[in-house]
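Per our numbering, the sequence shown runs over residues 23 to 498.
Worksheet: one structure, shown below.
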Amino acid sequence: MRRAYGALHSRTHHPLHDATIAALAALVAVACWWHDLAVTLAVAALLVAVASRLDGVVLRSVLLLALLGVGATVRADHAWNELRPRSLAPYEGWMTVVDDPQPFPRSTRVIVEVEGERFEVWARGRAFRLRVDRWRAGELVRISGDRRALSAQRQARVSWQHVVGEIDIDYVTDTAAGSPVATASNRVRATLERGAEQLPGDDGSLFRGLVVGDDRDQPRAMIERFRGSGLSHLTAVSGQNVSFVLMAAAPLLRALRPWSRWVVTLGLILWFVSLTRFEPSIVRAGAMASLSATAFVLGRERAPARILWLAVTGLLLIDPLLVRSVGFWLSVGATAGVATLGPWLAARLQPLGLLATPVGITLGAQVGVVIPAMLVFGRLPLVSIPANLLAVPVAGFVMLYGLPAGLVAGAVPAVAPLVMFPCRLGVRWVDTVAVLGARLEPGGTATWIGWGLLTVVVVVIAAMHHGRHGDPSPDG
Numbered sequence: 023m024r025r026a027y028g029a030l031h032s033r034t035h036h037p038l039h040d041a042t043i044a045a046l047a048a049l050v051a052v053a054c055w056w057h058d059l060a061v062t063l064a065v066a067a068l069l070v071a072v073a074s075r076l077d078g079v080v081l082r083s084v085l086l087l088a089l090l091g092v093g094a095t096v097r098a099d100h101a102w103n104e105l106r107p108r109s110l111a112p113y114e115g116w117m118t119v120v121d122d123p124q125p126f127p128r129s130t131r132v133i134v135e136v137e138g139e140r141f142e143v144w145a146r147g148r149a150f151r152l153r154v155d156r157w158r159a160g161e162l163v164r165i166s167g168d169r170r171a172l173s174a175q176r177q178a179r180v181s182w183q184h185v186v187g188e189i190d191i192d193y194v195t196d197t198a199a200g201s202p203v204a205t206a207s208n209r210v211r212a213t214l215e216r217g218a219e220q221l222p223g224d225d226g227s228l229f230r231g232l233v234v235g236d237d238r239d240q241p242r243a244m245i246e247r248f249r250g251s252g253l254s255h256l257t258a259v260s261g262q263n264v265s266f267v268l269m270a271a272a273p274l275l276r277a278l279r280p281w282s283r284w285v286v287t288l289g290l291i292l293w294f295v296s297l298t299r300f301e302p303s304i305v306r307a308g309a310m311a312s313l314s315a316t317a318f319v320l321g322r323e324r325a326p327a328r329i330l331w332l333a334v335t336g337l338l339l340i341d342p343l344l345v346r347s348v349g350f351w352l353s354v355g356a357t358a359g360v361a362t363l364g365p366w367l368a369a370r371l372q373p374l375g376l377l378a379t380p381v382g383i384t385l386g387a388q389v390g391v392v393i394p395a396m397l398v399f400g401r402l403p404l405v406s407i408p409a410n411l412l413a414v415p416v417a418g419f420v421m422l423y424g425l426p427a428g429l430v431a432g433a434v435p436a437v438a439p440l441v442m443f444p445c446r447l448g449v450r451w452v453d454t455v456a457v458l459g460a461r462l463e464p465g466g467t468a469t470w471i472g473w474g475l476l477t478v479v480v481v482v483i484a485a486m487h488h489g490r491h492g493d494p495s496p497d498g
């Protein structure tokens with residue numbers, strides 16, 4: 023793989039062990055969550071005092087842990103202080119739409135930026151909602167309205183979006199295009215939306231969700247059945263989407279010199295992250311892809327888990343409020359499970375034959391999201407294992423083929439029905455799996471009994487394989 027990317031050197035020595043990198047990520051996450059400088063300084067001093075009696079390598083690692091812990095706490099404390107609105111005076115002027123409007127049953131929510139601060143707008147009333155629904159991220163809107171603070175509970179809930187208050191709009195006078203980058207992204211998404219219109223019913227909204235994570239128009243029933251079958255991650259853009267974009271661009275990338283290839287790769291990643299509105303899951307995936315590209319061009323192979331911990335550490339230091347994003351932790355948990363537990367399970371499930379790897383990876387991902395899924399949604403569907411085995415390969419095809427196909431269909435309507443037909447079949451398959459999965463999910467106590475039985479089966483299969491072949495290696 024290094025030769026394919028065009029690595030310049032071959033170096034595999036790492037100054038820090040993987041366990042140290044994982045500890046760094048965990049420490050930074052805890053520091054960002056609590057952001058109590060006094061406690062962090064006390065813990066850091068204790069760690070350094072203990073480590074000073076140990077060898078130099080351990081001392082250096084502990085010093086780095088302490089330094090980053092203090093730095094993360096300072097950054098997080100500053101980020102939380104920035105959530106206090108600087109002004110709540112009435113406002114008249116231009117505001118920037120930060121994200122596409124998010125529809126709810128009786129209102130539409132949109133995040134805007136006013137004088138460098140983010141506010142949320144709740145549009146109620148049919149006429150106002152229709153107008154707001156046409157806004158797109160990056161556009162400028164001239165308004166007059168009143169700003170007000172959020173309740174403490176609401177502030178905590180939307181803190182990861184850097185929202186400092188709410189603005190009640192009295193009237194809208196004008197709109198204008200945003201930056202060239204935002205305008206270009208909106209045009210691409212508009213073209214993709216026209217292509218998706220070739221699909222019947224709600225299939226178009228599901229198609230957009232699979233390709234660019236746009237789930238705005240998905241009906242509540244569809245959202246619930248994807249959650250109930252453990253497939254909701256398919257409509258949250260992630261590393262799989264980034265990988266498919268780079269795969270589609272592979273012929274171009276292979277024709278470039280190593281450093282030119284690296285620059286273009288980072289540009290493609292940034293473009294796709296921008297296209298998908300900088301959602302936490304895609305930001306995590308983009309950071310990992312960028313680190314991977316950098317590692318390859320430098321000739322430094324890195325395990326996915328190591329890259330994940332580096333990405334988590336860097337992202338939380340840049341934006342400590344990400345620590346409050348459920349989507350971020352679901353993405354991190356699933357990736358950690360796939361990267362660490364998945365290969366370990368697959369190596370021990372060899373009696374399953376061709377199913378060993380997909381079952382191992384799926385189980386690893388499910389274990390990785392247990393904590394955030396239970397805390398937020400209160401459930402971990404048992405049917406998620408067979409549902410993912412059936413849906414993920416087809417969803418992957420839709421992601422890979424759907425982006426170029428949707429753009430062609432949106433730009434050339436004459437060929438749209440033919441070009442989008444494979445997507446129609448793929449989307450129907452994925453949605454059918456979600457429908458059946460949600461219908462067959464036992465729920466309640468039966469689900470946990472099922473997980474217990476599944477755990478026993480996995481342990482028995484792994485033990486049988488171990489008895490015949492010894493301790494397997496994930497790489498072998």
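Glycine is no exception: its CB is placed at the ideal position from the N, C-alpha and C atoms.
Here the structure is a predicted model, which is why all the values come from computation and not from measurement.
- DSSP, reduced to helix, strand and coil, places Phe399 outside both helices and strands of the structure shown, so it counts as coil.
- Remark: C-beta atoms of Thr335 and Gly235 do not approach each other more closely than 9 Å.
- In the three-state scheme derived from DSSP, where H, G and I count as helix and E and B as strand, Pro125 is classed as strand.
- Asp190 counts as exposed, since fewer than 16 other beta carbons sit within 10 angstroms of its beta carbon.
- Around the beta-carbon of Trp157, 16 or more other beta-carbon atoms lie within 10 Å, marking it buried.
- DSSP places Trp293 in the helix class (H, G or I) of the three-state scheme.
- Rounded to the nearest whole angstrom, the C-alpha separation of Ser347 and Trp182 is 6 Å.
- The beta-bridge partner set that DSSP reports for Glu114 consists of Ser166.
- DSSP places Arg131 inside the beta strand (DSSP E), whose first and last residues are 130 to 136.
- When beta bridges are read from the DSSP output, Trp144 appears opposite Arg131.
- The beta carbons of Leu402 and Thr469 sit closer together than 9 Å.
- A direct Cα-Cα distance of roughly 9 Å separates Gly226 from Gln240.
- A straight line joining the alpha-carbon of Arg306 with that of Pro415 spans about 22 Å.
- Note: Ala171 is bridge-paired with Gly187 in the DSSP secondary-structure output.
- Less than 9 Å separates the beta-carbon of Val163 from that of Ala198.
- Annotation: Thr205 to Leu330 spans about 32 Å, alpha carbon to alpha carbon.
- The continuous alpha helix (DSSP H) containing Leu425 extends over residues 406 to 433.
- DSSP lists no bridge partner for Glu215.
- Minimum Cα-Cα distance from Ser353 among the listed residues Ile340, Leu371, Val392 corresponds to Val392.
- Sequence-distant partners of Thr195 (beyond 5 residues in either direction) whose C-beta falls short of 6 Å from its own C-beta, in its chain, are Arg164.
- Assigned with DSSP and collapsed to three states, Asp196 falls in strand.
- Secondary structure at Glu246: helix, using DSSP grouped into helix, strand and coil.
- The segment 86 to 104 and the segment 125 to 135 do not touch, with fewer than three beta-carbon pairs separated by less than 8 Å.
- In chain order, Ser312 place their CB closer than 6 Å to the CB of Leu288, counting only its own chain and leaving out the 5 sequence neighbours on each side.
- Distance from the CA of Met310 to the CA of Ala333, rounded to the nearest whole angstrom, comes to 6 Å.
- Residue pairing of Glu139 in beta bridges, as defined by DSSP: Val136.
- Residue pairing by DSSP places Val119 opposite Val134 in a beta bridge.
- Here the segment 358 to 372 does not lie against the segment 201 to 220, with fewer than 3 beta-carbon pairs under 8 Å apart.
- Contact between Leu385 and Ile407 holds, since their C-beta atoms are separated by about 7 Å, short of 8 Å.
- The C-beta distance from Val405 to Gly252 rounds to 7 Å, short enough to fall under 8 Å.
- Approximately 5 Å separates the beta-carbon atoms of Arg151 and Ala145; this is inside 8 Å, confirming the contact.
- The three-state reading of DSSP puts Thr298 in coil, since its state is none of H, G, I, E or B.
- Between Thr95 and Thr118, the C-beta spacing is not below 9 Å.
- Remark: C-beta atoms of Val420 and Ala431 do not approach each other more closely than 9 Å.
- About 37 Å separates the Cβ atoms of Leu59 and Asp122, ruling out a contact at the 8 Å cut-off.
- Restricting attention to Trp55, Thr42, His39, Ala41, the CA atom closest to the CA of Leu338 is found in Trp55.
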